[in-house]
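Visitor: Chains as they are written, first to last, in numbering that gives the first Met the number 0: chain A, 0 to 421; chain B, 0 to 421. For reference, the structure I am asking about is given below.
Number of protein chains: 2
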Amino acid sequence: MRAASLAPLSAFPLPPGWQAIAGGLTAPEGFLAAGITAGLKPSGNPDLALLLAPLGAVCAGSFTLNRVRAACVDLCAERLDARGGQARAVLTNSGQANACTGERGLIDSLKATEELAKRLGLEAEEVLICSTGVIGQPIPMDTLLAGLDPLVAALSRQGGEAAARAILTTDLIDKQIALEADLGGRTVRIGGMAKGSGMIHPNMATMLGYLSCDAGVPAETWQAMVRRVVDRSFNAITVDGDTSTNDTFLAFAAGEPLSPEHWPALEAGLAAVSQHLARAIARDGEGATCLIEVRVEGAVDDAAARAIGRTVCSSSLVKCAIHGRDPNWGRIVAAAGRAGVGFDPDAVALWLGEHQLMAAGQPLAFDRPAASRYMKERAAGAYLLDDTVLIRLLVGEGPGKGAAWGCDLTDQYVRINADYTT
Amino acid sequence: MRAASLAPLSAFPLPPGWQAIAGGLTAPEGFLAAGITAGLKPSGNPDLALLLAPLGAVCAGSFTLNRVRAACVDLCAERLDARGGQARAVLTNSGQANACTGERGLIDSLKATEELAKRLGLEAEEVLICSTGVIGQPIPMDTLLAGLDPLVAALSRQGGEAAARAILTTDLIDKQIALEADLGGRTVRIGGMAKGSGMIHPNMATMLGYLSCDAGVPAETWQAMVRRVVDRSFNAITVDGDTSTNDTFLAFAAGEPLSPEHWPALEAGLAAVSQHLARAIARDGEGATCLIEVRVEGAVDDAAARAIGRTVCSSSLVKCAIHGRDPNWGRIVAAAGRAGVGFDPDAVALWLGEHQLMAAGQPLAFDRPAASRYMKERAAGAYLLDDTVLIRLLVGEGPGKGAAWGCDLTDQYVRINADYTT
Chain A
0 MRAASLAPLS AFPLPPGWQA IAGGLTAPEG FLAAGITAGL KPSGNPDLAL LLAPLGAVCA
60 GSFTLNRVRA ACVDLCAERL DARGGQARAV LTNSGQANAC TGERGLIDSL KATEELAKRL
120 GLEAEEVLIC STGVIGQPIP MDTLLAGLDP LVAALSRQGG EAAARAILTT DLIDKQIALE
180 ADLGGRTVRI GGMAKGSGMI HPNMATMLGY LSCDAGVPAE TWQAMVRRVV DRSFNAITVD
240 GDTSTNDTFL AFAAGEPLSP EHWPALEAGL AAVSQHLARA IARDGEGATC LIEVRVEGAV
300 DDAAARAIGR TVCSSSLVKC AIHGRDPNWG RIVAAAGRAG VGFDPDAVAL WLGEHQLMAA
360 GQPLAFDRPA ASRYMKERAA GAYLLDDTVL IRLLVGEGPG KGAAWGCDLT DQYVRINADY
420 TT
Chain B
0 MRAASLAPLS AFPLPPGWQA IAGGLTAPEG FLAAGITAGL KPSGNPDLAL LLAPLGAVCA
60 GSFTLNRVRA ACVDLCAERL DARGGQARAV LTNSGQANAC TGERGLIDSL KATEELAKRL
120 GLEAEEVLIC STGVIGQPIP MDTLLAGLDP LVAALSRQGG EAAARAILTT DLIDKQIALE
180 ADLGGRTVRI GGMAKGSGMI HPNMATMLGY LSCDAGVPAE TWQAMVRRVV DRSFNAITVD
240 GDTSTNDTFL AFAAGEPLSP EHWPALEAGL AAVSQHLARA IARDGEGATC LIEVRVEGAV
300 DDAAARAIGR TVCSSSLVKC AIHGRDPNWG RIVAAAGRAG VGFDPDAVAL WLGEHQLMAA
360 GQPLAFDRPA ASRYMKERAA GAYLLDDTVL IRLLVGEGPG KGAAWGCDLT DQYVRINADY
420 TT
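Structure representation (C-alpha cells):
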C-alpha cells in the first residue's frame, strides 16, 4: 500500500530542496499518532485514529461550505476560533458521519473530546474531532469510549501509518506522504494523510485531510499559508460534484520558529504535500481507472484558470469520454465554456498529452488512434498517480494559470453508488 | 410515439381552462412546419426541419450561456436583437452542431438562411437557424442546400409531427405537445416541440425548444413572459450538468392581439407547455429509467427554491441512489446543503412520494422496503412522464417554492457516453 501512494512522486516534481521521506504524519519531530480497531465499522477494519501535536502547536482548519454540516465540524471551527488557532489533538472515527443527528450529534462529539482530553491531560477545548461514514448515523458511543484507552496507549512516533488506515471508508488505498528540506541549516519535515473517496468536490470533499509540520510559524501566517495551499490542492479536486457534510482539513505546526525568509519555501512544501494528497483522493475516486489533470494557462487570473480546470474535471461527458479513451475535444471545450469565466473561444488551444487537438478555437487534424492509445496507456497502472491523463488548455494571453484534478466516470461508479445502502 | 409524449398530461395537472389537443407545433392557427430527410445524418433519419410563422410574428429567444457557442446561436441572437424580436422562420439541421467551426460556421449559417429566405419570399434577417449534433463538424452544405426545396414543398398545417422528429439526435422519443383554452371568448392555442438528451443542464441544455402561439402579444411583453417561463421549465432541468454550445429556445407568437387581462392565463399555458417539454427532455436523458421531480418549499424566494431543486437533481450520488431505488435521504439533504442558498438545516423535512423520511433536520423511522418499492413502481413505465420519482423538501418557513427535474444516473449513461465517437 505504501508503495502505491509514494511511487508517483517521481511523476510529480517536488519543489526545489524538498525530498520524500518515510513516516507520513509522524515524520515531523514531536508528533505522535495511533490507529486502532474500536469496533465502529461492521467490517472490522481500523476505525479510530488519533493525532497528538507537541505543546504550543498552532492549527489551521478548513471546513465544508455545505449548509448541512456535522456537529463535529461546528465544534472544530468554534474551538479553533475561540483559542486563536491553538489545538493539540484530533480524534477521528470512521464508520458514522454523525451528521443530521441533531442535538445528540453535538452531545456525543463533546463527550468524546472530553473523555479523550482527560486521558491526554489536556483541556477539552484543545481536542478536535472528525467523523466520516454514513450520514444520519450517530456514533455508538459505548464502543468509541471503550476504544479511547487502547487508542491513547497506541500513540507512537511510528503511528502515522496506522492512523492513515483508520480514517478510511470506501477508499481502496491509504493516502499519506512526508517531505523534508533543509531550510536555513535546519531540517524541516511535513507529513500528511487524507481519505476520500465519494462526495469529492470543491469546496472540500467527503474528505478528511491532516498535515503536520515541525517548524514553528505564527498562527495568522500559518492560517494564511494553509488557506492558499488548500485553494491549490483540496479545493481543486472533484470526483462527483458532491460536497459532504463533514469535510475537514486540519494542519498543525509546532517547533522552533522558522525565519520568515524561509516561509515561501515552506509554503511550497506544504503545497506539494497537499497536492499529492488531493491527487491521491481524486485518483481513488469511486470506480475510477485514471487520474485526470487539467492545466489551464492564459486565463485572466489564477482563480479563473482553476475554475476552468475544475469545470472540465467535473464534466460527466468529459469523464465518460476519457473512460472510453475517446479524445473528445468538443466536450472539453464545451465544459470550459460553461465555467462562468470570460475567455476568447477563438483563442483556445488544447492538448491531450503531447497531442494537440485544437488551435485558435478550432479542431486540428490529429492522430486519433495515437491519442486514444495515450489514454489507454496512462490508465494501465493500477492506482499509481503517474497514470495521469493530462489535458492542457490555453485560453488566451492572460497571466492566470492553475490546475485541477479529477477522475473518469465509470459503470463501476454507478454500481457502487446505486447499490450502497444508506 | 405520440402516446408516450401525451399520456403524462394526466399526471401533470394543466392550469385551469387549458386542455390538450393534437397537432404539436402546428396546432396554433397559421403556423406551418415540415421535417424531411436531407441526408445529413449517416443513420438516414429525418434531419432537416422548418417552422414558418404567420406575418407579424414576434419571437422571443433564450440562448446558451456557454462562452463557446455555435455561430448559429450568435446569428439568432443578433437577428432578434436587430429586428426587435421580429422573425418568421427557423431552420433546424440535426447531425452537425456547427460549433467550433470558426469563420466557416458563420458563413454556412448565413448561406443557409439566405437560400431558405429566397424560397420563402422573406428577408434573410427574418430567418433563424439552429444546429444540433456533433461539435466541431461543419454542415455538409451541398446536402443541406439540396434539401431546402423539398423542405419548403413539405410545409403544411400538419407538419408539426414531422418537424418534431427531424430535430432529434440521440433522443429516444419525440417531444411535442399542444394546448388550447378559451380566453375571453376566443380559442387560443399553444404548440411546442423540443429535443434533448445529453448535455442537459441549466442554463439551457443541448436542447432545442420551439413554441408557437396564435395570440398576438406585444414583443416586449412576450419576451418577459417567455423569460419567466424558461426559468421555471428549461432552466429547471438537468441531465448531466453539462451545458451545450448550441442550446436555443425560440417562442413565436402571431395572431389577433390578446387583451392584457388574459395575459396571466396565457402565461400559465406557456408554462405548462414548456414544463411538459422540459420534463420530457429530462425523462429522456441518456440511459435514464425514470424522471425525478424535486419540489422545494419554504425557501427565502422562488429562485432559491429552484436552486436547491436543481442541485438535488444534479447530484450524481442522489441520481445513483434513485437508480438503485435506495431511499437515501442523506444524499438528498447533503446535496441541498451545497446549493449555495441559505436555509436552516434543523428545519428540513423530506418526503419521497408519500413516505416522510426526515423531520426537523433528522431522519425518521420509515418503512424502507415500501419507500424503495415506491421508486421501483414509478420506474416501471417505459418513457412515460407519470413514472416520476417525487422528492419534496421543506427547508423553512419562507415564501419561496419551485421545482426542478432530472433523471437517474445509470451504467447505461456511462456506456453511451464512453462509447460515443466525437
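Beta carbons are placed, not taken as given, at the ideal position from N, Cα and C, and that holds for glycine.
Skipping 5 residues on each side, what residues in its chain have a beta carbon closer than 6 Å to that of LYS318(B)?
Guide: Correct list, in chain order: ASP407, LEU408.
Visitor: So, at 7 Å on beta carbons, what are the nonlocal neighbours of LEU144(B) in its own chain, with the 5 sequence-adjacent residues on each side left out?
Guide: The residues are GLU114.
Visitor: Give me the subset of the region 401-415 of chain B whose CB atoms are less than 7 Å from a CB atom of chain A, sorted by chain position.
Guide: Answer in chain order: LEU408, THR409, ASP410, VAL413, ARG414.
Visitor: Residues in the same chain with beta-carbon distance under 6 Å from GLY405(A), minus the five sequence neighbours each way, listed in chain order, please.
Guide: If we look at GLY405(A) and ignore the five residues flanking it on each side, its Cβ neighbours are THR237, ALA281, ILE291, CYS312.
Visitor: Which runs of the alpha helix (DSSP H), 4 residues or longer, sit entirely within the region 77-121 of chain A?
Guide: Listed in chain order, the complete alpha helix (DSSP H) runs (minimum 4 residues) inside the region 77-121 of chain A are 101-119.
Visitor: Determine the extent of the beta strand (DSSP E) in which GLU179(A) is found, giving its start and end residues.
Guide: Start and end: 174-182.
Visitor: Could you check how far apart the C-beta atoms of ALA193(B) and MET206(B) are, in whole angstroms? I think they sit under 8 Å.
Guide: With a Cβ gap of about 7 Å, ALA193(B) and MET206(B) count as contacting.
Visitor: Just checking: is the beta-carbon of ALA333(B) within a distance shorter than 8 Å of some beta-carbon in chain A?
Guide: It does: the Cβ of ALA333(B) has a partner Cβ on chain A nearer than 8 Å.
Visitor: Using a beta-carbon distance below 8 Å, is LEU109(A) in contact with chain B?
Guide: By this cut-off, LEU109(A) is not an interface position.
Visitor: Given ALA277(A), which residues of its chain have a CB within under 7 Å of its CB, disregarding the five upstream and five downstream residues?
Guide: Answer for ALA277(A): SER232, PHE233, ALA235, ILE236, TRP404, listed in chain order.
Visitor: For GLU396(B), count the other beta carbons within 10 Å of its own beta carbon; 16 or more makes it buried, fewer makes it exposed. Which is it?
Guide: Looking at its Cβ environment, which holds fewer than 16 other Cβ atoms inside 10 Å, GLU396(B) is exposed.
Visitor: What's the C-alpha gap between VAL413(B) and ILE166(A)?
Guide: Going from the Cα of VAL413(B) to the Cα of ILE166(A) covers about 30 Å.
Visitor: Where does TYR412(B) sit, in a helix, a strand or coil, going by DSSP?
Guide: In this structure, TYR412(B) counts as helix in the three-state DSSP scheme.
Visitor: Using a cut-off of 7 Å between C-beta atoms, extract the partners of THR244(B) located in chain A.
Guide: Under the 7 Å cutoff, chain A gives ALA333, GLY336.
Visitor: Please work out which residues of its chain come closer than 7 Å, Cβ to Cβ, to GLN95(B), disregarding the five sequence neighbours upstream and downstream, and give them in chain order.
Guide: Taken in chain order, the residues that qualify are LEU39, SER130, GLY132, VAL133, GLN136, PRO137, ILE138.
Visitor: Could one say the Cβ of HIS322(A) lies closer than 8 Å to chain B's Cβ atoms, at least one of them?
Guide: By this cut-off, HIS322(A) is an interface position.
Visitor: Looking only at C-alpha atoms, which of ALA21(A), ALA88(A), GLY146(A), ALA98(A) sits nearest to GLY120(A)?
Guide: When only C-alpha atoms are compared, the closest one is ALA88(A).
Visitor: List the residues of chain A that ASP418(B) touches, going by C-beta distances under 7 Å, in chain order.
Guide: The answer, in chain order, is GLY323.
Visitor: Note down the Cα distance separating ALA306(B) from ALA271(A), rounded to an integer number of angstroms.
Guide: About 36 Å.
Visitor: Counting only runs that start and end within the region 279-335 of chain A, where is the beta strand (DSSP E) found for 3 or more residues in a row?
Guide: For the region 279-335 of chain A, whole beta strand (DSSP E) runs of length 3 or above, ordered along the chain, are 290-298.
Visitor: Just the Cα atoms here: how many angstroms apart are THR186(B) and LEU257(B)?
Guide: The alpha-carbon atoms of THR186(B) and LEU257(B) are separated by roughly 11 Å.
Visitor: Return helix, strand or coil for TRP17(A), following the three-state DSSP convention.
Guide: Residue state, collapsed to three classes: coil.
Visitor: Taking only runs of the alpha helix (DSSP H) that begin and end inside the region 18-82 of chain A, which ones reach a length of at least 4 residues, in chain order?
Guide: For the region 18-82 of chain A, whole alpha helix (DSSP H) runs of length 4 or above, ordered along the chain, are 70-81.
Visitor: Leaving out five residues before and five after VAL340(B) in sequence, what residues of the same chain have Cβ atoms less than 7 Å from its Cβ?
Guide: These residues qualify, in order along the chain: ALA298, ALA303, ALA306, ILE307.
Visitor: Determine the closest residue to VAL301(B) out of PRO41(B), GLY16(B), PRO398(B), with distance taken between C-alpha atoms.
Guide: The residue you asked about is not Val; residue 301(B) is Asp in the sequence shown. Residue PRO398(B) is the option with its Cα nearest to ASP301(B).
Visitor: Apply the 10 Å Cβ neighbour rule to ASP148(A) and answer buried if 16 or more other Cβ atoms are within range, or exposed otherwise.
Guide: Result: exposed.
Visitor: Taking only the alpha-carbon atoms, compute the straight-line gap between THR247(A) and LYS174(A) and give it to the nearest angstrom.
Guide: Straight-line Cα distance between these residues: approximately 15 Å.
Visitor: Identify the contact partners of ARG391(B) in chain A, using a Cβ-Cβ distance below 7 Å as the criterion.
Guide: The contacting residues do not exist; ARG391(B) stays about 17 Å from chain A at best.
Visitor: Our contact map puts GLY159(B) next to GLY60(B) with C-beta atoms below 8 Å; I'd like the distance itself, whole angstroms only.
Guide: Not confirmed; about 20 Å, so no contact.
Visitor: By the criterion of Cβ-Cβ separation under 9 Å, what are the contact partners of THR436(A) in chain B?
Guide: Shown here, chain A extends from 0 to 421; a query on residue 436(A) therefore has no answer.
Visitor: Within a Cβ cutoff of 6 Å, which residues of the same chain sit near PRO41(B), ignoring the five residues on either side of it in sequence?
Guide: Within the same chain, PRO41(B) has no close Cβ partners at all.
Visitor: Go to MET192(B), then tell me how far its beta strand (DSSP E) extends in each direction, as first and last residue.
Guide: Where MET192(B) is concerned, the enclosing beta strand (DSSP E) stretches over 185-194.
Visitor: Going by beta-carbon coordinates alone, are ALA70(A) and GLY104(A) separated by less than 8 Å?
Guide: Contact flag set, yes.
Visitor: Can you tell me where the alpha helix (DSSP H) holding GLY405(A) begins and where it ends?
Guide: GLY405(A) -> not in any alpha helix (DSSP H); beta strand (DSSP E) instead, spanning 399-406.
Visitor: To the nearest angstrom, how far is the alpha carbon of ARG164(A) from that of GLY34(A)?
Guide: Answer to the nearest angstrom: the Cα atoms are 7 Å apart.
Visitor: Output needed in chain order: residues of the region 56-79 of chain B with a Cβ under 9 Å from some Cβ in chain A.
Guide: Listed by position along the chain: THR63, LEU64, ASN65, ARG66, VAL67, ARG68.
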